[in-house]
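Colleague:
In the numbering used here, the protein residues as written are 60 to 176.
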């Protein structure tokens, strides 16, 4: 009985923890919601200026994670904090779905890491 309760508790915890991983955004909605992102990151997510990250082709969950970190202050960037301040969790999922669905043009990190020439 004790083992069954332990397994049931573990299963419930696992199901709860995986909810975020299973969350799917809508890429079409994300494209509309990401309109302000295009100025720096490009419509296709492949920023031309190396000071801005290329978002196209990044992992969906990574993009969500980073956007949440900007929103809650774990990452300190005043511009990004302002950009994500009004985004809901669904907005973040949608924006991440959009950028992760795009083909990347980043085949190397040369010139895209601070200090590279």
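Ideal Cβ positions, reconstructed from N, Cα and C, are used throughout, including at glycine.
Given the structure is predicted, the values throughout are model-derived calculations rather than measurements.
Could you have a look at residue 164 and say whether DSSP puts it in helix, strand or coil?
Modeller: By one-based count along the chain shown, residue 164 stands at place 105. In the structure shown, residue 164 sits in coil (DSSP, three-state: anything other than H, G, I, E or B).
Colleague: Considering residue 137, what are the terminal residues of the alpha helix (DSSP H) in which it resides?
Modeller: Taking the chain shown and counting its residues from 1, one reaches residue 137 at position 78. Segment 137-143, the alpha helix (DSSP H) holding residue 137.
Colleague: Could you tell me if residue 87 is buried or exposed, where buried requires 16 or more neighbouring beta carbons within 10 angstroms of its beta carbon?
Modeller: Locating residue 87 in the chain shown gives position 28, counting from the first residue. Result: exposed.
Colleague: Note down, in chain order, each residue of its chain lying with its Cβ closer than 6 Å to the Cβ of residue 154, except the 5 sequence neighbours on either side.
Modeller: Here residue 154 refers to the residue found at position 95 of the chain shown. Here the set comprises 89, 92 and 93.
Colleague: Between which two residues does the alpha helix (DSSP H) harbouring residue 99 extend?
Modeller: For this step, residue 99 is matched to residue 40 along the chain shown. 97-100 is the extent of the alpha helix (DSSP H) around residue 99.
Colleague: Do the region 156-163 and the region 128-141 make contact, defined as three or more Cβ pairs closer than 8 Å?
Modeller: Flag = no, the region 156-163 and the region 128-141 do not touch.
Colleague: Please report how far the alpha carbon of residue 142 lies from the alpha carbon of residue 113, in whole angstroms.
Modeller: Within the chain shown, the letter at position 83 stands for residue 142. Within the chain shown, the letter at position 54 stands for residue 113. Residue 142 and residue 113: Cα-Cα distance of roughly 16 Å.
Colleague: Please classify residue 115 as buried or exposed, where buried requires at least 16 other C-beta atoms within 10 Å of its C-beta.
Modeller: Walking along the chain shown from the start, residue 115 turns up at place 56. Answer is buried; the Cβ neighbour count reaches 16.
Colleague: Taking the alpha carbon of residue 111 as the reference point, which residue from 147, 118, 96 and 144 has its own alpha carbon closest?
Modeller: Position 52 of the chain shown holds residue 111. Of the candidates 147, 118, 96 and 144, the one whose C-alpha sits nearest the C-alpha of residue 111 is 96.
Colleague: Assuming residue 122 is part of the alpha helix (DSSP H), what are its boundary residues?
Modeller: Taking the chain shown and counting its residues from 1, the one referred to as residue 122 is at position 63. Taken as a continuous stretch (DSSP letters only), the alpha helix (DSSP H) holding residue 122 covers 119-131.
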